[in-house]
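Q: Numbering (my numbering), first residue to last: 2 to 521.
Heads up, the beta-carbon is just placed ideally off N, CA and C, and yes, glycines get one too.
This structure is a prediction, so every number in the text was calculated from the model and none was measured.
(1) Which full runs of the alpha helix (DSSP H) of 4+ residues lie inside the region 76–123, going along the chain?
(2) Would you mind stating whether residue 137 and residue 438 have Cβ atoms separated by less than 8 Å?
(3) Kindly indicate the opening and closing residues of the alpha helix (DSSP H) around residue 47.
(4) Please classify residue 351: does DSSP put it in a helix, a strand, or coil?
(5) Quick check: the Cα distance between residue 377 and residue 62, rounded to an integer number of angstroms?
(6) Using a 10 Å radius around the Cβ and a threshold of 16 neighbouring Cβ atoms, would you call residue 83 buried or exposed?
(7) Looking at residue 172: is its Cβ nearer than 8 Å to the Cβ of residue 125?
(8) Reducing DSSP to helix, strand and coil, say where residue 204 ends up.
(9) Which one of 334, 363, 191 has the shortest CA to CA distance from residue 467?
(10) Using a Cβ-Cβ cutoff of less than 7 Å, which residues in the same chain neighbour residue 203 once the five nearest sequence positions on both sides are dropped?
(11) Have a look at residue 472 and residue 157 and give me their C-alpha separation to the nearest angstrom.
(12) Residue 38: buried (16+ other C-beta within 10 angstroms of its C-beta) or exposed?
(13) Taking buried to mean at least 16 other C-beta atoms within 10 Å of its own C-beta, is residue 133 buried or exposed?
(14) Provide the residue(s) that pair with residue 185 in DSSP beta bridges, ordered along the chain.
(15) What are the boundary residues of the alpha helix (DSSP H) that residue 284 is part of?
(16) Check for me: the alpha helix (DSSP H) holding residue 324 runs from which residue to which?
(17) With distances taken Cα to Cα, identify the nearest neighbour of residue 197 among 159, 79, 47, 244.
(18) Report the CB separation of residue 429 from residue 483 in whole angstroms; it is logged as a contact under 8 Å.
(19) Ignore the nearest five residues each way along the sequence and tell me which others in residue 339's own chain have a CB closer than 8 Å to its CB.
(20) Quick check on residue 317: buried or exposed, where buried means 16 or more other Cβ atoms within 10 Å of its Cβ?
(21) When burial is assigned at 16 or more other CB atoms within 10 Å of the CB, is residue 249 buried or exposed?
(22) Could you tell me which residues DSSP puts in a beta bridge with residue 163?
(23) Report the rounded CA-to-CA distance for residue 442 versus residue 478, giving the unit in angstroms.
(24) For the alpha helix (DSSP H) holding residue 445, just list the boundary residues, first then last.
(25) Can the beta-carbon of residue 113 be found less than 8 Å from the beta-carbon of residue 106?
(26) Would you tell me roughly how many angstroms separate the C-alpha atoms of residue 457 and residue 254, rounded to the nearest one?
(27) Suppose contacts are defined by Cβ-Cβ distances below 8 Å. Is residue 148 in contact with residue 119 by that definition?
(28) Taking the alpha carbon of residue 486 as the reference point, which residue from 465, 474, 426 has its own alpha carbon closest?
(29) Based on Cα-Cα distance, which residue from 109, 52, 190, 301 lies nearest to residue 279?
(30) I need the straight-line Cα distance from residue 347 to residue 314, nearest angstrom please.
(31) From residue 488 to residue 276, what does the alpha carbon distance come to, in whole angstroms?
(32) Can you grab the Cα-Cα spacing for the pair residue 200 / residue 194, in whole Å?
(33) From residue 67 to residue 122, what does the alpha carbon distance come to, in whole angstroms?
(34) How would you call residue 323, buried or exposed, if buried means at least 16 neighbouring beta carbons within 10 angstroms?
(35) Evaluate residue 349 with the Cβ neighbour count: other Cβ atoms within 10 Å of its Cβ, from every protein chain shown; 16 or more gives buried, anything less gives exposed.
As structure tokens, this is what we get:
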């Protein structure tokens, strides 16, 4: 082939090469556009959510209080090259998350933490809730309503501004449940494996989630059995369940074993059992014999001063520890073990009193609602933040008339839990009638109730902060239940109206044919 022919072929191929690039770009643009069209509901909600959260971010400072300091110190320790167990007595997952953010944005850059929790975890939460709503009901509009309802819950959003575990644990819990539901629906190991791992990590973000693993496994097993259609695939069910349990327990076991090898004991955190149990029995601490008077009396005095809450352990701890020294208790670890044994003994001797305190705290956790305004009450910055928020058209109305109004009433929050139960029961009945997605609904309800009960059994959780991580699941069931009831009622009315309008068929019997059952 001569040079002229080669030149001609290269001239012909060049436009072809450019056309291929154009065609590739056109395909990418078309796929992106089709994705936005297919998922336009969630895209619109994400855009709205972003601007709502941005308006809050501009007027609110990061909230640093209570447990924030211990998580912060754990993160700095990790950045200094220490091991995960250096964050003890705090479980390591949240300090590791803080350390990752600090590594990217600078040590103790709390604004970066707020941005990651508010815009990344928060928007991922909205997408996950939308997907769960659609999977449970099979209806995209209900899924969109679930996402919007979550986005308007100011109490959940405010914890995105706090250096606390609520945002991360809440997101991981939702993600794990979404994968668990997909796994139960599709009976596919590719969702069972990550779901188990994420659930285990959730337990070492927030130790109160650890007791939930057994009930979740039980309902997962039931879900797989329920979803099996032909021949009850027992081998597949056993494999899925065993893998899920093993993977969800693995992160917890690694953490516990590491604590034990470093002499910290085989426990998540000394505060997990000890402080919660002490606050439980603290309401009847007078039952302790006189030989423990040096420990008993300081707690009783502090407890009597605390009129608004039912705890008192942390304020009384120093004096109780001093009193314990006379009983031969020398170190903090010895004191924590001693107090745990003492509390378990009191519970064993007074079971009725223990359950009475449990129900008092459980009722308070569901009744209490509060606004932190993102700073301690005495802070000048707190007042400025609140006044800035109240000047904004949307948030001003919402805070003054909704969040600080009706939602602050204890009776309303008690009704909220009753609405959750009613929605769960009615939606389960409707789904059962339609032979679809019943076990997914029951799984989410079981997780909410299990978390609520186990949290209070181990930790006297009169503060509603302890229900924040699973509050999105309450929103999910309430909105899904209400949506299903509305759709089912509307369909029944529509079908009845159509049947009334139809002329009766000309037949010898003169009777109408029965309408088919409405489906979602």
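A: To lay it out plainly:
(1) Fully enclosed alpha helix (DSSP H) runs of 4 or longer: 94–106, 111–116.
(2) At a Cβ-Cβ threshold of 8 Å, residue 137 and residue 438 count as neighbours.
(3) Taken as a continuous stretch (DSSP letters only), the alpha helix (DSSP H) holding residue 47 covers 41–58.
(4) The answer is coil: DSSP assigns residue 351 none of H, G, I, E or B.
(5) With a pLDDT of only 47 at residue 377, under 50, the local geometry of the prediction cannot be trusted, and no value is derived from it.
(6) With fewer than 16 other beta carbons inside 10 angstroms of its own, residue 83 counts as exposed.
(7) Yes, the Cβ-Cβ distance between residue 172 and residue 125 is below 8 Å.
(8) Residue 204 falls in the helix class under three-state DSSP.
(9) Just measuring C-alpha positions, the residue of 334, 363, 191 sitting nearest residue 467 is 363.
(10) Leaving aside the five residues that flank residue 203 on each side, the residues in its chain whose CB is nearer than 7 Å to its CB run, in chain order, 170, 173, 174, 177, 210.
(11) Whole-angstrom Cα-Cα distance: 8 Å.
(12) Burial call: exposed.
(13) Answer is buried; the Cβ neighbour count reaches 16.
(14) In DSSP, residue 185 forms no bridge with anything.
(15) For residue 284, there is no enclosing alpha helix (DSSP H), as DSSP gives it neither H nor E.
(16) That run of the alpha helix (DSSP H) goes 314–326.
(17) That would be 244, whose Cα lies nearest to the Cα of residue 197.
(18) Rounded, the Cβ-Cβ distance is 14 Å, inconsistent with contact.
(19) Result list for residue 339: 325, 328, 330, in chain order.
(20) Residue 317 sits buried, since 16 or more C-beta atoms from the chains shown fall within 10 Å of its C-beta.
(21) It is buried - the Cβ of residue 249 has at least 16 other Cβ atoms within 10 Å.
(22) Looking at the DSSP output, residue 163 shares a beta bridge with 64.
(23) Approximately 8 Å between the Cα atoms of the pair.
(24) Note, residue 445: alpha helix (DSSP H), 439–459.
(25) Cβ atoms of residue 113 and residue 106: closer than 8 Å.
(26) Our two residues, residue 457 and residue 254, have alpha carbons roughly 23 Å apart in a direct line.
(27) Going by C-beta atoms, residue 148 is not nearer than 8 Å to residue 119.
(28) The candidate whose alpha carbon is nearest that of residue 486 is 426.
(29) Residue 301 is the option with its Cα nearest to residue 279.
(30) If you draw a straight line from the Cα of residue 347 to the Cα of residue 314, it is about 16 Å long.
(31) If I take the Cα positions, the gap works out to 47 Å.
(32) Between the alpha carbons of residue 200 and residue 194 lies a gap of roughly 10 Å.
(33) Spanning the two alpha carbons is a distance of roughly 22 Å.
(34) When all chains shown are included, residue 323 counts as exposed.
(35) Counting the other Cβ atoms within 10 Å of the Cβ of residue 349 gives fewer than 16, which makes it exposed.
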